[in-house]
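The structure appears right after this line, and notes come after that.
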Amino acid sequence: MRSLLSRLDRFFAPPPAPGRVGWLSEWTYAHRGLHGNGVPENSLAAYAGAVERGMGIECDIQRSRDNAAMLVHDWELDRLTGVTGPTASYSADELAQIAFLDSEHKLAQLADLLALVDGKVPLLIEIKSRRRYDVEESCIAVRDALKNYRGAHAVMSFDPRVSRWFRRNSPQTVHGLVIREDEKGMTQKAWQRHFALWLARPDFVAYHVMALPNPMTCGLRKAGMPILTWTVDSAELLARAQIHADAPIAEGPGVP
Numbered sequence: 328m329r330s331l332l333s334r335l336d337r338f339f340a341p342p343p344a345p346g347r348v349g350w351l352s353e354w355t356y357a358h359r360g361l362h363g364n365g366v367p368e369n370s371l372a373a374y375a376g377a378v379e380r381g382m383g384i385e386c387d388i389q390r391s392r393d394n395a396a397m398l399v400h401d402w403e404l405d406r407l408t409g410v411t412g413p414t415a416s417y418s419a420d421e422l423a424q425i426a427f428l429d430s431e432h433k434l435a436q437l438a439d440l441l442a443l444v445d446g447k448v449p450l451l452i453e454i455k456s457r458r459r460y461d462v463e464e465s466c467i468a469v470r471d472a473l474k475n476y477r478g479a480h481a482v483m484s485f486d487p488r489v490s491r492w493f494r495r496n497s498p499q500t501v502h503g504l505v506i507r508e509d510e511k512g513m514t515q516k517a518w519q520r521h522f523a524l525w526l527a528r529p530d531f532v533a534y535h536v537m538a539l540p541n542p543m544t545c546g547l548r549k550a551g552m553p554i555l556t557w558t559v560d561s562a563e564l565l566a567r568a569q570i571h572a573d574a575p576i577a578e579g580p581g582v583p
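Under my numbering, the letters of the sequence shown match residues 328 to 583, in that order.
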């Protein structure tokens, strides 16, 4: 059965050309920027810290009420800012006036991050999605923000529709699928993980580090598809990532 699934993976989700994705494996990525010690996650200060450290950057995208790509992880603002309500209920200008909790740093747009990084380090841009969400609008917002950006970057999501959308509508953009197996994910069963892979046809996979190693990622790596892994937040998990994946998405003690 495992060999059959591996063959089906290679048929329905063939690995990309090495020259297209080789850069992915050359970096350690700061998960939500290099945050901590008063520097909020997904803040411009966290991203600037990653650039200074010479790390790639992983960031999260939520959409504002007026369809701007915002650098925010949560659907609700409460945890991060103390302001109540859905992120999508505020305009981009309104969000730009909201500071992170116990911080002077304010929320920002993807365009602000692109101006800050300016090609110095690569970006992994994760588009958030959930059931019955019009994720295509988020894809459009991210594509438009990236229109004139020339630095190394890739887009990824748990939602296989994101990778499929970029493959069809922005084929020059490297696109990936994020997978987790635990109770928090939508791909808890093997058939769900393989179906998501076949639907997405990604250039790479970002797999939950706690589920490594496994037959799926071993087969994909052997076929030539890069495997990134998250969240690497300890020395032990960093060692696991270095053996069973091609690049870690790290934070805290997992940052080498």
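The beta-carbon is built from N, C-alpha and C at its ideal position, and this holds for glycine as well.
| In terms of alpha-carbon separation, which member of V532, A375, A357 lies closest to D445? | Of the listed residues, the one whose Cα sits closest to D445 is A375.
- Shortest alpha-carbon distance to L539 belongs to which of P498, D486, A373, R507? Comparing Cα-Cα distances from L539 to each of P498, D486, A373, R507, the minimum goes to R507.
Between D573, K474, H521, E464, which has its C-alpha nearest R334's C-alpha?
Of the candidates D573, K474, H521, E464, the one whose C-alpha sits nearest the C-alpha of R334 is H521.
What did DSSP end up calling Q424 once you bin it into helix, strand or coil? Coil.
*asked:* DSSP three-state label for W354, please.
replied: Correct three-state label for W354: coil.
task = Measure from the alpha carbon of S391 to the alpha carbon of each residue in A523, L526, T414, then state which is nearest.
result = Restricting attention to A523, L526, T414, the CA atom closest to the CA of S391 is found in T414.
Just to confirm, are L437 and I467 a CB contact at a threshold of 8 Å? Cβ atoms of L437 and I467: not closer than 8 Å.
So, helix, strand or coil for T584, using DSSP? Outside the modelled stretch of the chain, which goes from 328 to 583, sits residue 584, for which no answer is possible.
Q. Would a C-beta distance cut-off of 8 Å place A377 and V489 closer than the cut-off?
A. At a Cβ-Cβ threshold of 8 Å, A377 and V489 do not count as neighbours.
Problem set entry | Under the three-state DSSP convention, the category M537 falls into | The DSSP-derived three-state label of M537 is helix.
Assuming contact is defined by CB atoms lying nearer than 8 Å, are E379 and R359 in contact in what I supplied?
Taking 8 Å as the Cβ cut-off, E379 and R359 do not qualify as a contacting pair.
- Message: Does E385 come out as helix, strand or coil in the three-state DSSP assignment?
- Response: Reduced to three states, the DSSP call for E385 is strand.
Using only the alpha-carbon positions, how far apart do P529 and L407 sit? It is roughly 31 Å from the alpha-carbon of P529 to the alpha-carbon of L407.
Checklist entry - DSSP beta-bridge partners for L504? => result Per DSSP, S484, V532.
(request) May I ask you to list the residues that DSSP assigns as paired with E403? (result) P413, per the DSSP bridge assignment.
**OP:** Look at the Cβ atom of P553, then the Cβ atom of L565, and state whether they are nearer than 8 Å.
**Re:** P553 places its beta carbon 8 Å or farther from that of L565.
**Request:** Using the Cα positions of L428 and G365, report the straight-line distance between them to the nearest angstrom.
**Result:** Roughly 10 Å between the two C-alpha positions.
Self-check item: For R520: DSSP bridge partner residues
Solution: For R520, DSSP assigns no beta-bridge partner whatsoever.
Please identify the residue among R548, R491, W402, A357 whose C-alpha is closest to the C-alpha of A383. According to the sequence shown, residue 383 is Gly rather than Ala. Answer by Cα proximity: A357.
Among residues of its own chain, excluding the 5 on either side of W492, which ones have a beta-carbon nearer than 7 Å to its beta-carbon?
-> Scanning its chain for C-beta atoms nearer than 7 Å, with the 5 sequence neighbours on each side dropped, one finds around W492 the residues E463, C466, in chain order.
Fill in: Three-pair Cβ contact test at 8 Å for the region 468–481 versus the region 496–510
Yes: the two stretches touch, three or more of their Cβ pairs being nearer than 8 Å.
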